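Beneath this line is the structure, given in structure tokens, with notes to follow.
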Amino acid sequence: MDIEAFRKAGYQAIDRICDFYYSLEQRQVVAPVQPGYLLEQLPDAPPEEGEDWEVIADDYQKLILPGMTFWQHPSFFAYFPTACTFEGVLGDLYSTSTPNPGFNWTSSPACTELEMAMMDWCARLFGLAEHFLNSSGTGGGVIQTTSSELAIVVTVAARSQYVRRHPGTHLEDLVMYVTSQTHSLGVKASLVLGLQCRTLDVKPEDGYALRGDTLRAALEEDIAQGKRPFFLIGTVGTTSSGAIDCLDEVGEVLKDYPDVWFHVDAAWAGVTLACPEYRGIARLKDINTYATSVGTNLHKWGLVNFDAALLWVKSRKDLTDALDVTPEFLRTKQSEAGAVIDYRNWHLGLGRRFRSLKIWFVLRSYGVKGFQAYIRRCIELNEYFVSLIKTSPTFALVTKPSFALSVFRIVADPVALSLGVSLGSDALNDLNRTFYAHVSARGEILLTQTQLNGTFCVRFAVGAERTRKEHIDKAWTLIQEEARLAVKEWADSIRGGR
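If you use the UniProt record's numbering, the sequence shown corresponds to residues 1 to 498, in order.
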């Protein structure tokens, strides 16, 4: 493809992307295909001769789009949102047109310096303390791929820090801590690195938040058994319920254990820190006071297309001491003089994408006020959904709503009254599984399931940039319809068993 052919193909691609977005709301959220649908339509090997671009572009429309679940759909309420804005699309387009691997400053000065600036922009947007800024000269921020890889990076740094402070430590004695509500990234990091990971229980009466006394008891018990606590992940906005750990209590406990690295995972909810009125709930003061590192994802609820996971550390040296491998061919006079950041020493890989460009585009286009307005609108839409739940005799919230996330389920009373029976916890869980199966069979919306201490429930997460009140109303109508069908199906099975 020469330059003019690319120009023509590019115009066509933009036109088709725009047409797709015009039709997005009329499309199903969930791909209406079965496993193997695409494999059956693809040849077993690449073509011997190159094919015409028109055929390739048409096959994308015919084969690929029908197999996509549309996370940017206004009726996508599952997992957490994945941001998709046209500014982000253009950022990715421009970044791929200059495919610099960005492993050090010399390989692409703009890649490094724009990332330094964007991490400081975001730190200031979220109100993070000066010690997390690149401009501090001691701490700083770096863009990772995902929070899962970010967790591995900080676990490696925490392990390295502990071993440096305590030479001769046996790695099998090291233990890291998560809670039963922490994202799977914590356990995965321990599996990848071959480390012990202890899961701490959290209670419904505490809002599924980690309390200081729970942590202290675990630390004392493990130390008494000869173990070496070195790392803890606290969370602002857990995946299942949006719970926020008691970072103040945890931080006070860790004052007595200064060798424990305290990472705060705010992958989803961290963006709420952009709005001053939510900084208390999201525990900004505690993050700034106690956290060794903190991470959030702009590619979830932050308007920047996947991937863009942000990591800030109080001490950049803790990363570079753990991850710096510099053979002769990577040495430069700028890095040797300490005049620049070489981001390859801040993450697992050598090469890296120019992700900061799309962050720059998004933040300049939306501005602080536009970013805040988007966060506030999503929270207001969730509050509206909560009001519908609260006025319904069929449903109830399982735990307190968290920002733009609500967790709910069918309650026992209406069903029990209609049947003249009492439903136990297992039966009620089964009823809600039936309800969720009904909802999941509908392609118009997508929700996800979870369990909170044995209670099966359904998550409703608002976050797509195009979601408006009418989409909440449509979802609520569908939820009610499927609840009635699930209850009837359940009631019929109970009556049939008598």
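Beta carbons: idealized from backbone N, C-alpha and C, even for Gly.
The structure displayed is predicted, hence computed values, not measured ones.
Taking residue i as the reference, which of the options has the closest Cα?
i           : options                        : result
Asn288      : Ala151, Tyr257, Gly251         : Gly251
Gly302      : Asp245, Gly454, Ala464, Asp173 : Ala464
Asp248      : Gly242, Ser240, Val192, Val236 : Val236
Asn345      : Asp321, Gly367, Val202         : Asp321
Val154      : His131, Ser392, Lys188, Ala123 : Lys188
Gly278      : Ala404, Lys317, Asn297, Trp261 : The sequence as given places Tyr at residue 278; Gly does not occur at that position. Cα-wise, what sits closest to Tyr278 is Ala404.
Pro74       : Glu87, Ser23, Phe103, Gln61    : Ser23
Gln72       : Pro66, Lys62, Cys84, Tyr79     : Cys84
Tyr21       : Leu65, Ala475, Leu363, Leu452  : Leu65
Gly424      : His263, Val411, Tyr436, Thr434 : Val411
Leu431      : Arg442, Glu444, Ala461, Phe395 : Phe395
Leu330      : Arg484, Asp201, Trp105, His438 : Trp105
Trp490      : Phe456, Ala475, Arg433, Asp473 : Arg433
Gly443      : Ala475, Val462, Val458         : Ala475
Thr391      : Val458, Arg377, Phe408         : Phe408
residue 524 : Gln34, Phe231, Gln334, Gly280  : This structure leaves residue 524 out entirely; the chain is present only between 1 and 498.
Leu200      : Thr455, Glu221, Ser440         : Glu221
Arg353      : Pro47, Tyr37, Pro99, Val29     : Pro99
Could you check where the alpha helix (DSSP H) with residue i kicks off and where it finishes?
i      : result
Tyr37  : Taken as a continuous stretch (DSSP letters only), Tyr37 belongs to no alpha helix (DSSP H), as it is neither H nor E.
Leu311 : Not the alpha helix (DSSP H): Leu311 falls in the beta strand (DSSP E), residues 309-313.
Trp360 : 356-390
Ser440 : 425-440
Trp301 : 298-301
Gly88  : 86-97
Arg164 : 147-165
Ser287 : Sequence inspection shows Ile at residue 287; the Ser mentioned does not correspond to that position. Run containing Ile287: 284-290, per the alpha helix (DSSP H) assignment.
Ile56  : 53-59
Cys275 : Here Cys275 belongs to no alpha helix (DSSP H), and DSSP marks it neither H nor E.
Phe320 : In the sequence under discussion, the amino acid at residue 320 is Thr, which differs from the Phe named in the question. Note, Thr320: alpha helix (DSSP H), 316-323.
Assuming residue i contacts residue j (C-beta within less than 8 Å), just tell me the rounded distance between them.
i      : j      : result
Arg198 : Ala218 : 6 Å
Phe300 : Pro81  : According to the sequence shown, residue 300 is Lys rather than Phe. At roughly 6 Å, the Cβ-Cβ gap stays under 8 Å, so Lys300 and Pro81 are in contact.
Asp265 : Gly295 : 6 Å
Leu357 : Leu114 : 7 Å
Leu298 : Ala282 : So it is not a contact: roughly 16 Å between Cβ atoms.
Val253 : Leu215 : 5 Å
Gln161 : Asp318 : 5 Å
Ala158 : Trp261 : 3 Å
Gly137 : Met119 : About 14 Å; that fails the 8 Å criterion.
Ala31  : Met68  : 6 Å
Ala151 : Leu185 : 4 Å
Leu310 : Cys122 : 6 Å
Val340 : Gln334 : 5 Å
Phe385 : Phe460 : 6 Å
Just to confirm the assignment, what range does the beta strand (DSSP E) spanning residue i have?
i      : result
Leu452 : 448-452
Tyr177 : 174-179
Val458 : 455-461
Ala396 : 395-397
Leu232 : 228-235
Trp261 : 261-265
Leu210 : Unbroken run through Leu210: none, as it is neither H nor E.
Gln144 : 140-144
Gln12  : No beta strand (DSSP E) contains Gln12, which is instead part of the alpha helix (DSSP H) from 3-23.
How should residue i be labelled, buried or exposed, when 16 other C-beta atoms within 10 angstroms of its C-beta is the threshold for buried?
i      : result
Pro229 : buried
Phe77  : buried
Phe6   : exposed
Tyr343 : buried
Ser96  : In the sequence under discussion, the amino acid at residue 96 is Thr, which differs from the Ser named in the question. Burial call: exposed.
Glu87  : buried
Ser406 : buried
Asn453 : exposed
Thr239 : buried
Ile3   : exposed
Ala224 : exposed
His170 : exposed
Gln26  : exposed
Arg364 : exposed
Lys488 : exposed
Thr292 : buried
Ile233 : buried
Leu42  : exposed
Tyr290 : buried
Ile17  : exposed
Could you tell me whether the Cβ of residue i comes closer than 8 Å to any Cβ of chain D?
i      : result
Ser392 : Among the protein chains of the structure shown there is no chain D, as only one such chain exists.
So, do the stretch 105-121 and the stretch 471-491 have three or more beta carbon pairs nearer to each other than 8 Å?
no
How about the stretch 43-58 and the stretch 266-278: do they share at least three Cβ pairs that are nearer than 8 Å?
In short, these stretches do not touch, since the Cβ pair count stays below three.
Flag this pair as touching only if the stretch 373-393 and the stretch 458-474 have three or more C-beta atom pairs under 8 Å; answer yes or no.
yes
Does the stretch 391-400 touch the stretch 442-449, meaning 3 or more C-beta pairs lie closer than 8 Å?
The stretch 442-449, when compared against the stretch 391-400, does not touch it at the 8 Å Cβ threshold.
Could you tell me whether the stretch 201-210 touches the stretch 174-184, using the rule of 3 or more Cβ pairs below 8 Å?
yes
Any contact of the stretch 85-96 with the stretch 356-376, i.e. 3+ C-beta pairs under 8 Å?
yes
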